[in-house]
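Data block below; observations after.
There are 2 protein chains.
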Amino acid sequence: MRVAFQDELDSISQSLLTMLGLVRQAMNDATKSLLEADLALAEKVIKDDVNIDAIQHDLDARTINLIARQQPVAADLRSLVSTLRIAADLERMGDLAHHIAKQARMRYPNKTVPVELVEIISDMGKTSDRLIDKLSSVMEHRDAQRALELEKDDDELDILHRKLIGALLADSWNYGVEPAIDMTLLGRYYERCGDHAVSIARRIYFLVTGEFSNHNA
Amino acid sequence: MRVAFQDELDSISQSLLTMLGLVRQAMNDATKSLLEADLALAEKVIKDDVNIDAIQHDLDARTINLIARQQPVAADLRSLVSTLRIAADLERMGDLAHHIAKQARMRYPNKTVPVELVEIISDMGKTSDRLIDKLSSVMEHRDAQRALELEKDDDELDILHRKLIGALLADSWNYGVEPAIDMTLLGRYYERCGDHAVSIARRIYFLVTGEFSNHNA
């Protein structure tokens, strides 16, 4: 019984990693579609979001089924409840990639991002990718130390976000209101993606150490 | 055993309603602080958000504890898992009220909302309040029929949101970029608040009927 339970836990952890891999791809493709006004790629991200949602549904069903059949307590139960929450965070990260891709599609054939802001958005994309890459290692190895590092990476994302808003408010901003609205929303999407990654890292930190890394955990 | 279990389930449902009451108050106070540039009220919403977070922590602990002790299956287990998710949605709605209040505080003593947009924001606040009021009745009476109505109320919120963006893009918009950024974010906060209310209503619909009200449920 115990072996079967552990096998199912492992299989669920593996599905979470698969889901994170799809989210990572979606975020990277979304950023690329945005910066290069690549309509086909944007459409792909938008279409493929259902795959991420489907894994979440499947994971939720398997997790609840496992709780019902095995009636775990203590650490095992906490771990399974965390699975449900991590899957929800990942699903939401997929939604944010979807939002970014929709922004790219909405302005096609024009580019959404003014040339002066390409570097900041590109950096936000790269920082998000670094967060997700590190999160993957945190999830796979239950690495509490690396989980803490995500907070710092997320601070970088916040700095980029403030830089972005600063550029919209500078005297040199000549693009008017509509691109400012687009960029405000895009900045928010990347920022929220980072928040969800940090939220997952905090859950894993708690599962491993039994302590909160932060009062918001 | 069964009676004690039902008592605890009832007590958990009651705490969710208490949490929703606090969220409703926070949203209404946040809108008022925003429209009237009421710093004290904004500070209150910002400060009181910890109370909403505290109820969520307590609810989560009680729910997980109940699963561990009573080892429910089928409908009871699904209901308890939904509790965890509904509490997470409510906590996030509290965060959004907190964000709105912070926006009010940031621009104080000025008013964040230009006079031309007061009506739209006021309507978004009222529509959110109607959603939350209806949600309260859905949660209390497990009313699947009213749960469906929330989708329509949320459509109204979306219409107001589009009207808001339209106003920012109109030739008559004379306030420049900074207030446009503020209003874009505010619009997003109200919209997300509505999304979370709908998400909770869908969960309850599913618990009551065993069917999804929508493919996104």
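Heads up: the protein sequence lines correspond to chains Y and G, in order.
Counting in this note's numbering, the first sequence tops out at residue 722, every number present.
Counting in this note's numbering, the second sequence tops out at residue 722, every number present.
We put the CB at the ideal spot given by N, CA and C, even for glycine.
Q | Member of Asp534/G, Val550/G, Asp553/G and Leu527/G whose CA lies at the smallest distance from the CA of Lys631/G | A | It is Asp534/G.
Q | Helix, strand or coil at Ser642/Y [DSSP, three-state] | A | Three-state DSSP puts Ser642/Y in a helix.
Q. If Ile625/Y sits next to Leu674/Y, beta carbons under 8 Å apart, how far is it from one beta carbon to the other, in whole angstroms?
A. Actually they are not in contact, since the Cβ atoms of Ile625/Y and Leu674/Y sit about 13 Å apart, beyond 8 Å.
Q. Between Leu539/G and Thr617/G, is the Cβ-Cβ spacing less than 7 Å?
A. Yes, the pair counts as a contact, with Cβ atoms nearer than the cut-off.
Q) If you drop the 5 nearest sequence neighbours on each side, which residues of the same chain put their C-beta closer than 8 Å to that of Leu622/Y? A) Around Leu622/Y: Leu669, Ala672 and Met688.
Q. Could one say the Cβ of Thr714/G lies closer than 7 Å to chain Y's Cβ atoms, at least one of them?
A. By this cut-off, Thr714/G is not an interface position.
Q) Less than 7 Å separating the beta-carbons of Ala566/Y and Leu582/G? A) Not closer than 7 Å, so no.
Q: Inspect the beta-carbon positions of Thr568/G and Thr536/G and report whether they are closer than 7 Å.
A: No.
Q: Return the Cβ separation of Ser516/G and Ile560/G in integer angstroms, given the expectation that the two are a contact with Cβ distance under 8 Å.
A: The pair is not a contact, with the Cβ atoms about 12 Å apart (cut-off 8 Å).
Q: Keeping to the same chain, check which residues put their C-beta closer than 6 Å to that of Ala685/G; ignore five residues upstream and five downstream.
A: The beta carbon of Ala685/G is closer than 6 Å to those of Leu673 in its chain, skipping five residues each way along the sequence.
Q.
Report the start-end ranges of each alpha helix (DSSP H) in the region 572 to 619 of chain Y that is 4 residues or longer and not cut off at the edges.
A. Assignment of alpha helix (DSSP H) within the region 572 to 619 of chain Y, counting only whole runs of 4 or more residues, yields 579 to 612 in chain order.
**Q.** Inter-residue spacing [alpha-carbon to alpha-carbon] between His720/Y and Arg597/Y
**A.** Unreliable placement is indicated for His720/Y, whose pLDDT of 46 sits below 50; no coordinate value is reported for it.
Q) Near Leu575/Y, what residues of its chain come up, given a Cβ to Cβ distance below 7 Å and the 5 sequence neighbours on each side ignored? A) Looking at the sequence provided, one finds Gln at residue 575/Y rather than Leu. Hits under 7 Å: Phe510.
Q: Pick out whichever of Leu636/G, Ile591/G and Lys639/G has its Cα sitting closest to the Cα of Phe711/G.
A: With respect to the C-alpha of Phe711/G, the residue from Leu636/G, Ile591/G and Lys639/G having the closest C-alpha is Ile591/G.
Q. Does any CB atom of chain Y fall closer than 7 Å to the CB of Glu621/G?
A. Not a single CB atom of chain Y sits nearer than 7 Å to the CB of Glu621/G.
Q.
Under 8 Å, with one C-beta from each stretch per pair, do the region 649 to 668 of chain G and the region 551 to 559 of chain G reach the 3-pair mark?
A. The region 649 to 668 of chain G vs the region 551 to 559 of chain G: no contact.
Q. Rounded C-beta distance between Ala702/G and Ile637/G? I'm assuming under 8 Å.
A. Their Cβ separation, rounded to whole angstroms, is 6 Å, which keeps Ala702/G and Ile637/G in contact under 8 Å.
Q: Helix, strand or coil for Asp558/G, going by three-state DSSP, please let me know.
A: Note: Asp558/G maps to helix in three-state DSSP.
Q: Compute the Euclidean distance between the alpha carbons of Ala722/G and Thr523/Y, then round it to the nearest angstrom.
A: At Ala722/G the pLDDT is 39, less than 50, meaning the model places this residue with poor confidence and gives no usable figure here.
**Q.** Neighbourhood of Val713/Y by C-beta distance below 7 Å, restricted to the same chain and skipping five residues each side
**A.** Closer than 7 Å at Cβ, skipping near neighbours: Arg647 and Ala649.
Q.
Within a Cβ cutoff of 7 Å, which residues of the same chain sit near Leu665/Y, ignoring the five residues on either side of it in sequence?
A. Only Ile625, Asp628, Met629 and Thr632 meet the Cβ criterion.
Q. Tell me which same chain residues have a C-beta within less than 6 Å of the C-beta of Arg697/G, skipping the five on either side of it?
A. Apart from the 5 residues on each side of it in sequence, Arg697/G sits with its Cβ closer than 6 Å to the Cβ of Leu601 in its chain, given in chain order.
Q. Which same chain residues, not among the five before or five after Ala652/Y, have their C-beta less than 8 Å away from its C-beta?
A. For Ala652/Y, where only same-chain residues beyond five positions count, the Cβ hits under 8 Å are Val643, Ala706, Arg707, Ile709, Tyr710, Val713 and Ser718.
Q | Helix, strand or coil at Asn533/G [DSSP, three-state] | A | Judged by DSSP in its simplified three-state form, Asn533/G adopts helix.
Q) Looking at the structure shown, is Asn570/G part of a helix, part of a strand, or coil, going by DSSP? A) The answer is helix: DSSP assigns Asn570/G an H, G or I state.
Q. Under a three-way DSSP split, which group does Ala509/Y fall into?
A. Here Ala509/Y carries a helix assignment [DSSP, helix/strand/coil].
Q) In angstroms, rounded to a whole number, what distance separates the CA positions of Tyr680/G and Glu683/Y? A) Spanning the two alpha carbons is a distance of roughly 13 Å.
Q. Does the beta carbon of Thr689/Y sit closer than 7 Å to a beta carbon anywhere in chain G?
A. Yes, its Cβ sits closer than 7 Å to a Cβ of chain G.
(Q) Relative to the C-alpha of Gln608/Y, which candidate in Glu656/Y, Arg529/Y, Ser641/Y and Val550/Y has its C-alpha closest? (A) The residue with the shortest Cα to Cα distance from Gln608/Y is Val550/Y.
Q) Using a beta-carbon distance cut-off of less than 8 Å, what residues from the region 673 to 687 of chain G approach chain Y? A) Closer than 8 Å at the C-beta level to chain Y, one finds these residues of the region 673 to 687 of chain G: Leu673, Leu674, Trp678, Gly681, Val682, Glu683, Ala685 and Ile686.
Q: Helix, strand or coil for Arg647/G, going by three-state DSSP, please let me know.
A: The answer is coil: DSSP assigns Arg647/G none of H, G, I, E or B.
Q. Measuring CB to CB, does Ser458/Y end up less than 7 Å from Asp594/Y?
A. Outside the displayed span of chain Y (506 to 722) sits residue 458/Y, for which this structure offers no information.
Q | 7 Å Cβ cutoff, Val586/G in contact with chain Y | A | True, the Cβ-Cβ gap to chain Y drops below 7 Å.
Q.
For Phe711/Y, report the span of its alpha helix (DSSP H) as first-last.
A. Phe711/Y -> alpha helix (DSSP H) spans Val682 to Thr714.
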